[in-house]
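S.K.: What follows is a single structure, and I will ask about it in a moment.
Okay, structure coming up:
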């Protein structure tokens, strides 16, 4: 437990290796299954590696899912819109809560914090009704317009960061003649790049992984996101084609993994800071 | 208010205006509407009809509700401590000077990024009775135990056995503790080394140091994580929904409150009842959160940095 | 360049949970003349920074008014007050070059590019930002503390404001840099002939730089005067003890009638100890006769306590505790029964005298008397 020890107990090493393998196994199994011909997937005792990798499983799975690329496009479009909307609106609102002094600010912020406690199922039905009244059910709007209205969690994250920027920077800018929006745009935002990137990453992940939202608000198949399309695949086919399902699951997972590997440091730091507040 | 204060107020409100709109539309209105709907017979297709507390009475007598409530609470009560022990344990293991720390951290963290749909499909496969990987790993151990003690233990058909389905789900959840591991690891690294060094000089062993230094120093992080986990666990929806193909699982053992709410709202279009259920969920969440906060205030040690 | 008038100025923080109402600035009144270098000095929390920030427009005025050049500026936002400010932590924009940091304010006002270039170059040259290295294209993090502060100065200079405001600009610099930058600022003041308002907690900075000083404590102004007037004629106990380093020595006692018919100061000591006695000069005696038999505090600066003085009959015997040889002069810290005092002398024979007894001769012509209850100076 003590990081300054020079020799690590062998028990720890063994435990780590064991747990590491256990955690990796599902991934391994997923990819391995995705490359097997169907009959090999159901062999008992299980065959760890495919006899010969069936790369064509992947295009086959995409085919079986139907308009795969359309779904992918939908997922990407929504992710993009959400990232853009969230980053700008959360930054704007976080600025208001951190870089400006105004009467009632802290009470409003407390209300914002309180809203983080409201579970989605509670607001789900009325929001559905609201969107229905607007005629937005069956369109993409419910899945990206709210992003432009600043979610509490991201505001909280960015506010913490903005608070760490010295106050006298804003004051010097005000004396220099900067309007408040200019200070936001030309001074605070450029300094907040790491935090903005973190928000963007988290939002991308959240939108890409979102299942309940598309489930409720989308109607037509050609609007489905990848998540929904994959679920449809699971539902429709009888005599589950595990190799296709695994291949499709891997495909849906891939962009997330790639993004993670590209931005590891930011990601890990972002998660760590959220937890430590 | 002076002119300056008024100017600042306007500026402040302008900057937070996106949130104000969002708050009114997606927090305040829905909250109030939910309460109203819960007192009505409401299907989106027609106007709500006031029923008074009828929905709540029905809810009280609804065995499915109680089943869902039981499942949700059992899941939270079992999964959260298990997951906390696991993630703290992993973080402690990781916090040692070993080669490849970054790789291990990635391995543990990655599963928490998997989209719900992929996760559910994967684990549907992993938990498959005859062919799933989990049973293939468990079976050899069971065989050994059977040979030694003469019992006839069988690897469970996880997703089809009402007694084991929830455990299968918990297993799925444990795979995703990576996020918490990262948070705890960061927390561990904040503990000043001098504390451990002083304790070592005082003659403590590793377990004592863990108990009396690590845990107290980590307690604010643990508290926050547990609180967030409770709020999250009680709202579990996506994975069980997909695992069961939109259903309840064997003997309704995978029916969660959130699933039941969804079913009532969008399968049966019984939105009044769904709202009543949702408000119960809300009360449950607030109740458990308050208990946690109350307990936490006493036990959590803030090192006043 | 401008006059700045502070009229009945208050800053009041209303009471809130866990904290009563706080009056940070309590009825401040003073006028800064055109081209004057005015220093606001006092301990932490005395209200000097709050006052400065109200002049800048960074803090709301609770009550009272501030006029710049006769124009009331209470409701005018900072950018329209035609002032420039130099911050303690420099407040340089980290992502902009030195040039851009200095040019920013002018850019925002639509000053033409060539004019900006001219002003920035001129300021940079004056501040040594072009020689030996051209620092204009560097970012602040590539500069030392002293250089950053000069950029902050430059940013203020190019604005050609009516008044310059300084908020403890030297606090973050190391000792040597502090002295250098201090002289730099004084030189700039002469060169630019501009009104400057300077806040510091360091009385040395105040004494060396100011035309006049405002001494503040707990939100209230204690005294406003030129440095030497403050030094020789402090208005109260606080100012007397705050200005001057090492600080003034204070002796509590009474003015009794002496055998010679004049008043003499008799130190108040616990029973069994010998008090320090010191006769007053005849005219001082006469002027203070109304205070006979009343308590009084005698203030004597360290340089007015002469060690081993030849003045007969009037000595204070004390034991040397610590001797600090400063080179050009020596500070000797002594202890009498229950009282410490400091003397300062240019004589150098006091090294190695620790533990020994010394006789100190007070120069009463320079003494200041204070009323123990009001803490104000008694005019003599």
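Residue numbers (the working numbering), protein chains in the order written: chain A, 8 to 284; chain B, 4 to 308; chain C, 1237 to 1616. Backbone N, C-alpha and C define an ideal beta-carbon position, used for all residues, glycine too. Since this is a predicted model, take the numbers as computed values, not measurements.
1) What residues in the segment 197 to 221 of chain A have a beta carbon less than 8 Å from any beta carbon of chain B?
2) Could you name the residues of the same chain whose beta carbon sits closer than 8 Å to that of residue 148 of chain A, not counting the 5 residues immediately before and after it, in chain order?
3) Compare the C-beta of residue 115 of chain A against all C-beta atoms of chain C and say whether one is closer than 8 Å.
4) For residue 8 of chain A, I'd like the list of residues in its chain whose CB is within less than 8 Å of its CB, leaving aside the five on either flank, ordered along the chain.
5) Classify residue 1249 of chain C as helix, strand or coil using the three-state DSSP reduction.
6) Could you check where the alpha helix (DSSP H) with residue 69 of chain A kicks off and where it finishes?
7) Identify, in the order they occur along the chain, each residue of the same chain with its Cβ nearer than 7 Å to the Cβ of residue 37 of chain A, setting aside the five sequence neighbours on each side.
8) In terms of alpha-carbon separation, which member of A:62, A:97 and A:31 lies closest to residue 169 of chain A?
9) Would a check of beta-carbon distances place residue 179 of chain A closer than 8 Å to chain C?
10) What in chain B is Cβ-close to residue 108 of chain A, meaning under 7 Å?
11) Does DSSP put residue 214 of chain A in a helix, in a strand, or in coil?
12) Would you decide whether residue 203 of chain A is buried or exposed? Buried here means 16 or more other CB atoms lie within 10 Å of its CB.
13) In terms of residues, what are the limits of the alpha helix (DSSP H) holding residue 107 of chain B?
14) Please name the residue in C:1361, C:1411 and C:1514 whose C-alpha comes closest to that of residue 1389 of chain C.
15) Tell me which residues share the same chain as residue 251 of chain B and place their Cβ nearer than 8 Å to its Cβ, disregarding the 5 neighbours each side in the sequence.
16) For residue 296 of chain B, which three-state DSSP category applies?
17) Can you give me the Cβ contacts of residue 1343 of chain C inside the same chain, cut-off strictly under 6 Å, excluding the 5 residues immediately before and after it?
18) Where does the unbroken alpha helix (DSSP H) through residue 270 of chain A begin, and where does it stop?
19) Any Cβ of chain F within less than 8 Å of the Cβ of residue 1325 of chain C?
20) What residues match up with residue 1307 of chain C in a beta bridge as DSSP calls it?
21) Given a limit of 7 Å on CB to CB distance, which residues of the segment 1331 to 1351 of chain C reach chain A?
22) For the alpha helix (DSSP H) that contains residue 115 of chain A, what are its first and last residues?
23) Assuming residue 26 of chain B and residue 107 of chain A make a contact with CB atoms under 8 Å, what is their CB distance in whole Å?
24) By a C-beta neighbour count over all protein chains shown, 10 Å radius and 16 as the cutoff for buried, is residue 171 of chain A buried or exposed?
25) Are any of the Cβ atoms in chain C nearer than 8 Å to that of residue 126 of chain B?
26) Buried or exposed: which applies to residue 157 of chain B, given that a residue is buried once 16 or more other Cβ atoms fall within 10 Å of its Cβ?
27) Using a Cβ-Cβ cut-off of 8 Å, state whether residue 1290 of chain C counts as contacting chain A.
28) Measuring only from the beta carbon, is residue 1251 of chain C closer than 7 Å to any heavy atom that is part of the ligand ZN?
29) Taking a Cβ distance cut-off of 9 Å, strictly less, list which residues of the segment 161 to 186 of chain B are near chain A, in chain order.
30) If you count every other CB in all the chains shown that lies within 10 Å of the CB of residue 104 of chain A, and 16 or more means buried, which is it?
31) Give a yes or no on whether the minimum CB-CB distance between residue 120 of chain A and chain B is below 8 Å.
32) Could you check which residue in C:1250, C:1614 and C:1319 has the C-alpha nearest to that of residue 1432 of chain C?
33) Output, in sequence order along the chain, the residues in the segment 11 to 40 of chain A whose CB is closer than 8 Å to any CB in chain B.
34) Go through its chain and collect everything with a Cβ distance to residue 1321 of chain C's Cβ below 7 Å, but skip five positions before and after it.
35) Would you please state the rounded distance, in angstroms, between the beta carbons of residue 114 of chain B and residue 30 of chain A? I believe it to be under 8 Å.
36) Does residue 127 of chain A come out as helix, strand or coil in the three-state DSSP assignment?
M.R.: Based on what the coordinates show:
1) Result list: 212, 215, 216, 218 and 219.
2) Closer than 8 Å at the Cβ level, and outside the excluded window around residue 148 of chain A, lie 138 and 141.
3) No, its Cβ sits nowhere closer than 8 Å to a Cβ of chain C.
4) Its pLDDT being 49, under 50, residue 8 of chain A is placed unreliably by the model, and nothing is read from it.
5) Under the three-state reduction of DSSP output, residue 1249 of chain C falls in the strand class.
6) Segment 64 to 72, the alpha helix (DSSP H) holding residue 69 of chain A.
7) Counting only residues of its own chain and dropping the five nearest sequence neighbours on each side, residue 37 of chain A has a CB closer than 7 Å to the CB of 253, 256 and 257.
8) Selected option, being the one with the closest Cα: A:97.
9) At least one CB atom of chain C sits nearer than 8 Å to the CB of residue 179 of chain A.
10) Chain B residues near residue 108 of chain A: 11.
11) DSSP, read as helix, strand or coil, puts residue 214 of chain A in helix.
12) Only buried fits residue 203 of chain A, as 16 or more other CB atoms lie within 10 angstroms of its CB.
13) Unbroken alpha helix (DSSP H) run through residue 107 of chain B: 104 to 112.
14) Comparing Cα-Cα distances from residue 1389 of chain C to each of C:1361, C:1411 and C:1514, the minimum goes to C:1361.
15) Counting only residues of its own chain and dropping the five nearest sequence neighbours on each side, residue 251 of chain B has a CB closer than 8 Å to the CB of 257, 258 and 262.
16) Looking at residue 296 of chain B - three-state DSSP - the assignment turns out to be helix.
17) Excluding sequence neighbours, residue 1343 of chain C sits near nothing in its chain.
18) No alpha helix (DSSP H) contains residue 270 of chain A, which DSSP labels as neither H nor E.
19) Checking the listed chains, one finds no chain F in this structure; the protein chains it contains are A, B and C.
20) Residue pairing of residue 1307 of chain C in beta bridges, as defined by DSSP: C:1304.
21) Listed by position along the chain: 1331, 1340, 1341, 1344 and 1345.
22) Its alpha helix (DSSP H) spans residues 112 to 122.
23) Contact between residue 26 of chain B and residue 107 of chain A does not hold, since their C-beta atoms are separated by about 18 Å, which reaches or exceeds 8 Å.
24) Around the beta carbon of residue 171 of chain A, fewer than 16 other beta carbons lie within 10 angstroms, which makes this residue exposed.
25) Taking a beta-carbon distance threshold of 8 Å, residue 126 of chain B does not count as an interface residue toward chain C.
26) Counting Cβ neighbours within 10 Å, residue 157 of chain B comes out exposed, since fewer than 16 surround it.
27) No, because no Cβ of chain A sits closer than 8 Å to the Cβ of residue 1290 of chain C.
28) This structure does not include the ligand ZN; it has no bound ligands of any sort.
29) Considering only beta carbons, the part of the segment 161 to 186 of chain B lying closer than 9 Å to chain A consists of 178, 181, 182, 183, 185 and 186, in chain order.
30) Classification of residue 104 of chain A: buried, given that the 10 Å Cβ count is 16 or more.
31) Closer than 8 Å: no.
32) Minimum Cα distance to residue 1432 of chain C is reached at C:1319.
33) Along the segment 11 to 40 of chain A, going in chain order, the ones with a CB nearer than 8 Å to a CB of chain B are 11, 12, 13, 15, 19, 20, 22, 23, 26, 27, 30, 31, 32, 33, 34, 36, 37 and 40.
34) Here the set comprises 1292, 1392, 1401 and 1403.
35) At roughly 6 Å, the Cβ-Cβ gap stays under 8 Å, so residue 114 of chain B and residue 30 of chain A are in contact.
36) In the three-state scheme derived from DSSP, where H, G and I count as helix and E and B as strand, residue 127 of chain A is classed as helix.
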